[in-house]
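K.L.:
Our numbering numbers the first residue of the sequence shown as 1 and each following residue consecutively.
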Amino acid sequence: MSENGWRFCGNRRSVERLRSAARRRSPRHAFLLTGVPSLGKRALALRFAQALLCEQPIDGDPCFECESCRRVLRGSHPDISIFSLEQQQALAGERGSKATTLTIETARSISAQAPLRPMNGNWRFVIVDDAELLLPDAQEALLKTIEEPPPFLVLLLVSADLEAILPTIRSRCETIELGVVSIPEIEAFLQKTGVDPETAEAAAVFSNGAPGWAIRAANDPLLIEESASIVEQAVTWIESSTFDRVATAFALSDALSKQRAETIAVIEATAGLWRDAMLVRSGNSDRIVFRAHADMIERFAGSCELSELLTALSSVWACLDDIRANVRPRLALEAMVLSWPNTPVRHSAVA
Ligand SMILES: [Zn+2]
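This is the structure:
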């Protein structure tokens, strides 16, 4: 395939499916793009629209240069409408309000837009971001549009949660699932878009496989700093004595109620470190993520059996499951650190 003519990071198989639909110039009327946040679902929906609206497409790829492409990139193409929670709140003049779902009124205005003929091209694209926030009655209101779409309409539902979409809607859509992307692939993508190698590496390392996050982080040093500090905390935690590990576990369990996201990120980072130690232990040092902490990772890999590292990694996942299931966090965290192998003795730097 041509080297990333869609300038999209990762998920090649999904991109290729949309690309071939764009090449045939006969898109289905309804798509459902799903996957966890920050994988680029909405960006991919827009790229699909761009490819079909492009005035001089190259084998299914948009040219990125014609007036139509530029309008899509500027967010001002008249044949693309985007609905989202943010847009709904802006329209209602209630930004900052507690509205956390897409209302039936929004669903009705989506349906009202559907019959409008395209102004420029052959198709009109309606993108519904945050579709998982459409309550069932709002989804029902969309059903007729999906069942009997006008010939020029392409509806793209973008949802972080496939299960939140009614089966009657799902069955009428072509589902495109996006998954996490490998760290080297994200790093290479960022470099290709002109990000300096050091920033590209850091943004990729802390992205958890989410290119959208990495792209934001590449432009926001603060995000990278925050993530680096979280991994530092995880390293210090793992490297401490059993007594200190338990003390940290208790401190984190107290912090959970106030700083939940950050605390969970520290716990998740320990999983990444154990995973890296397993990779080194099994002879895959080149695949580790937290290269900045290779020294600590290699020490654990050198002194622990693979099974011990696996137990440590599993204990982190079990702890995170328990916390999400509202098991008492103090118990869950204590059980976790007691499953970790002891910190290997640090050899003298002179030796
Ligand atoms: Zn173009």
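Built from N, CA and C at the ideal position, the CB exists for glycine as well. Since this is a predicted model, take the numbers as computed values, not measurements.
#1: Looking at C-beta atoms only, is the number of pairs between the region 303-314 and the region 323-334 that lie closer than 8 angstroms three or more?
#2: Less than 8 angstroms separating the beta-carbons of residue 296 and residue 239?
#3: Classify residue 58 as buried or exposed, calling it buried when 16 or more other Cβ atoms lie within 10 Å of its own Cβ.
#4: When the Cα atoms are used, what is the spatial distance from residue 113 to residue 67?
#5: Any chance the CB of residue 62 is under 7 angstroms from a heavy atom of ligand 3?
#6: Is residue 160 helix, strand or coil when you go by DSSP?
#7: Given the structure, does residue 76 come close to ligand 1, in the sense that its CB is under 7 angstroms from one of the ligand's heavy atoms?
#8: Quick check on this structure: which residue in 276, 44, 141, 72 has the alpha carbon closest to the alpha carbon of residue 312?
#9: On the three-state DSSP scale, how would you describe residue 263?
#10: Does DSSP put residue 127 in a helix, in a strand, or in coil?
#11: In three-state terms, what does DSSP make of residue 360?
#12: Which residue's Cα is closest to the Cα of residue 6: 193, 137, 154?
#13: Whose C-beta lies closer than 7 angstroms to the C-beta of residue 69 among residues of the same chain, with five residues either side of it excluded?
#14: Is it buried or exposed for residue 150, if we count other Cβ within 10 angstroms and need 16 for buried?
#15: Can you check which of these residues, 11, 266, 56, 37, is closest to residue 22 by C-alpha distance?
#16: Under DSSP, the beta strand (DSSP E) around residue 32 begins and ends at which residues?
#17: For residue 65, is the beta carbon positioned less than 7 angstroms from some heavy atom of ligand 1?
#18: Terminal residues of the continuous alpha helix (DSSP H) containing residue 64?
#19: Do you know whose CA, among 41, 148, 33, lies nearest residue 210's CA?
#20: Does the structure place the region 131-150 close enough to the region 8-24 that three or more beta carbon pairs sit under 8 angstroms?
#21: Taking C-beta to C-beta, are residue 8 and residue 47 nearer than 8 angstroms?
#22: Could you please give the first and the last residue of the uninterrupted alpha helix (DSSP H) stretch that includes residue 86?
P.N.:
On the basis of the data shown:
#1: Result no; under three Cβ-Cβ pairs closer than 8 angstroms.
#2: Here residue 296 is taken as the residue at index 296 of the sequence shown, counted from 1. Here residue 239 is taken as the residue at index 239 of the sequence shown, counted from 1. Yes, the pair counts as a contact, with Cβ atoms nearer than the cut-off.
#3: In the sequence shown, residue 58 corresponds to position 58, counting from 1. Under this definition residue 58 is an exposed residue.
#4: Here residue 113 refers to the residue found at position 113 when the sequence shown is read from its first residue. Here residue 67 refers to the residue found at position 67 when the sequence shown is read from its first residue. Each residue's alpha carbon lies about 24 angstroms from the other.
#5: Within the structure as shown, ligand 3 is missing, the only ligands being ligand 1.
#6: Taking the first residue of the sequence shown as 1, we reach residue 160 at position 160. In the three-state DSSP reduction, residue 160 falls in the coil class, being neither helix nor strand.
#7: Mapped onto the sequence shown, residue 76 falls at position 76. Result no, Cβ not under 7 angstroms from ligand 1.
#8: Residue 312 sits at position 312 when you count from the first residue of the sequence shown. Sorting 276, 44, 141, 72 by C-alpha distance to the C-alpha of residue 312 places 276 at the top.
#9: In the sequence shown, counting from the first residue as 1, residue 263 sits at position 263. In the structure shown, residue 263 falls within a helical segment according to DSSP collapsed to helix, strand and coil.
#10: Position 127 of the sequence shown, counting from 1, holds the residue named residue 127. Residue state, collapsed to three classes: strand.
#11: The requested residue 360 is not part of the displayed model; the chain covers only 1 to 351.
#12: Taking the sequence shown and counting its residues from 1, one reaches residue 6 at position 6. For the set 193, 137, 154, the Cα lying nearest the Cα of residue 6 is the one of 193.
#13: Taking the sequence shown and counting its residues from 1, the one referred to as residue 69 is at position 69. Answer for residue 69: 50, 54, 62, 63, listed in chain order.
#14: Within the sequence shown, the letter at position 150 stands for residue 150. Residue environment: residue 150 is assigned as exposed (fewer than 16 neighbouring CB atoms within 10 Å of its CB, all protein chains considered).
#15: Looking up residue 22 in the sequence shown gives position 22. Measuring from the Cα of residue 22, the nearest candidate turns out to be 56.
#16: Translated into positions along the sequence shown, residue 32 becomes position 32. Taken as a continuous stretch (DSSP letters only), the beta strand (DSSP E) holding residue 32 covers 30-34.
#17: The residue labelled residue 65 in the question sits at position 65 within the sequence shown. Within the cutoff, so yes.
#18: Along the sequence shown, one-based indexing puts residue 64 at 64. Where residue 64 is concerned, there is no enclosing alpha helix (DSSP H), given that its DSSP letter is neither H nor E.
#19: Counting from 1 along the sequence shown, the entry for residue 210 is found at position 210. Of the candidates 41, 148, 33, the one whose C-alpha sits nearest the C-alpha of residue 210 is 41.
#20: The region 8-24 makes no contact with the region 131-150, as fewer than three CB pairs between them are under 8 angstroms.
#21: As a working note, residue 8 is residue 8 in the sequence shown. As a working note, residue 47 is residue 47 in the sequence shown. For residue 8 and residue 47, yes; Cβs fall inside 8 angstroms.
#22: Walking along the sequence shown from the start, residue 86 turns up at place 86. If you look at residue 86, you'll find it in the alpha helix (DSSP H) that goes 85-92.
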